[in-house]
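Numbering (the numbering used here), first residue to last: 6 to 283.
By construction, the Cβ of each residue, glycine as well, lies at the ideal position given by its N, Cα and C atoms.
Owing to the predicted nature of the structure, the values given are computational and were not obtained by experimental measurement.
Structure record follows, encoded as structure tokens.
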Ligand SMILES: [Zn+2]
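Below, the structure written as structure tokens:
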């Protein structure tokens with residue numbers, strides 16, 4: 006699933022295509038994308054809108070329209086955006102929607118597994134929509150180690166599950182949670198509320214370093230993710246533990262293990278990330 010670095014990469018590539026452009030036509034061919042709202046209603050509402058900006062919050066892409074409404078796009082498992090000059094998008098059985106722009110570009114949304122969503126929200130609904138779903142952004146200045154400590158305080162959940170909970174911290178998924186915990190040398194099953202100050206400081210640095218690395222390498226391409234330019238990301242070549250069961254740890258050379266935490270495959274080094282206090 007695309008996480009913060011992948012969605013941020015999509016945002017950076019698609020923003021120059023969308024910002025300032027007016028939507029002259031919209032086709033939404035999959036009712037699952039907009040349900041329970043009729044896809045035709047969303048498409049009609051988009052036509053004539055000028056796109057003010059493209060922002061990101063957690064794993065959501067926010068296409069802000071000059072009317073004050075926002076198209077909230079969540080790529081979920083396998084959603085992606087592609088852009089091309091008008092009429093030059095390749096044929097694609099998995100295309101769910103297309104936007105035609107007055108600049109001559111077409112932007113296509115494709116989704117193999119079809120879990121992605123498009124929701125058109127007005128100004129008054131966007132803020133509570135995001136506030137109930139998302140904690141702070143981990144890469145902004147105000148996300149300090151003490152902020153992380155306050156979020157973790159009293160949490161009995163394993164730190165891996167804590168990191169995946171979008172209501173605590175926005176944008177971290179399975180890949181960057183495992184990579185951050187490896188960097189911080191913290192066992193994924195440690196209760197979040199039991200981490201001491203030094204561990205929280207390490208985790209804070211590790212979260213930001215892992216996410217920044219992902220952004221720098223334009224995300225990780227495992228299955229369906231590609232950037233809007235059609236190129237793969239490079240982060241998958243830099244994983245320290247994610248998906249590397251049985252391979253040597255980059256730090257100590259011992260074997261990376263795989264366990265399941267909260268239903269999610271979890272990779273870690275049992276030597277560098279011990280259960281006891283670190
Ligand atoms: Zn190790």
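What span of residues does the beta strand (DSSP E) with residue 29 cover, start to end? Locating residue 29 in the chain shown gives position 24, counting from the first residue. Here the beta strand (DSSP E) through residue 29 covers 28–33.
Segments of 4+ residues assigned as alpha helix (DSSP H) that fall wholly inside the stretch 128–173: 128–138, 150–157 and 164–169
Quick check: the stretch 24–31 against the stretch 225–243, are at least 3 beta-carbon pairs closer than 8 angstroms? no
DSSP three-state label for residue 5, please. Lying before the first or after the last residue shown, residue 5 is absent from the chain, which here runs from 6 to 283.
Should residue 276 be counted as a contact of ligand 1 given a C-beta to heavy atom distance under 8 angstroms? Translated into positions along the chain shown, residue 276 becomes position 271. Yes, ligand 1 has a heavy atom inside 8 angstroms of this Cβ.
Going by DSSP in three states, residue 195 sits in which element: helix, strand or coil? Taking the first residue of the chain shown as 1, we reach residue 195 at position 190. Here residue 195 sits in coil by DSSP.
Cα separation between residue 197 and residue 209? Position 192 of the chain shown, counted from the first residue, corresponds to residue 197. Position 204 of the chain shown, counted from the first residue, corresponds to residue 209. Rounded to whole angstroms, residue 197 to residue 209 spans 12 angstroms at the Cα level.
Using the Cα positions of residue 8 and residue 226, report the straight-line distance between them to the nearest angstrom. Walking along the chain shown from the start, residue 8 turns up at place 3. Walking along the chain shown from the start, residue 226 turns up at place 221. Their backbone Cα atoms lie some 11 angstroms apart in a straight line.
Spatially closest choice to residue 139 from 192, 171, 46 and 194, by CA coordinates: Sequence index remark: in the chain shown, residue 139 carries index 134 (1-based). The option with the nearest alpha carbon to residue 139 is 171.
For residue 179, I'd like the list of residues in its chain whose CB is within less than 6 angstroms of its CB, leaving aside the five on either flank, ordered along the chain. Locating residue 179 in the chain shown gives position 174, where the first residue counts as 1. Excluding the 5 residues flanking it on each side, residue 179 has same chain C-beta neighbours closer than 6 angstroms at 269, in chain order.
What residue does the alpha helix (DSSP H) around residue 124 start on, and which one ends it? The residue labelled residue 124 in the question sits at position 119 within the chain shown. From DSSP, residue 124 is part of no alpha helix (DSSP H) but of the beta strand (DSSP E) over 122–126.
Using CA atoms only, rank isn't needed, just tell me which of 19, 39, 264 and 212 is closest to residue 120. The residue you call residue 120 lines up with position 115 of the chain shown. Ranking 19, 39, 264 and 212 by Cα distance to residue 120 puts 39 first.
Would you tell me roughly how many angstroms separate the C-alpha atoms of residue 218 and residue 30, rounded to the nearest one? Mapped onto the chain shown, residue 218 falls at position 213. Mapped onto the chain shown, residue 30 falls at position 25. Their backbone Cα atoms lie some 37 angstroms apart in a straight line.
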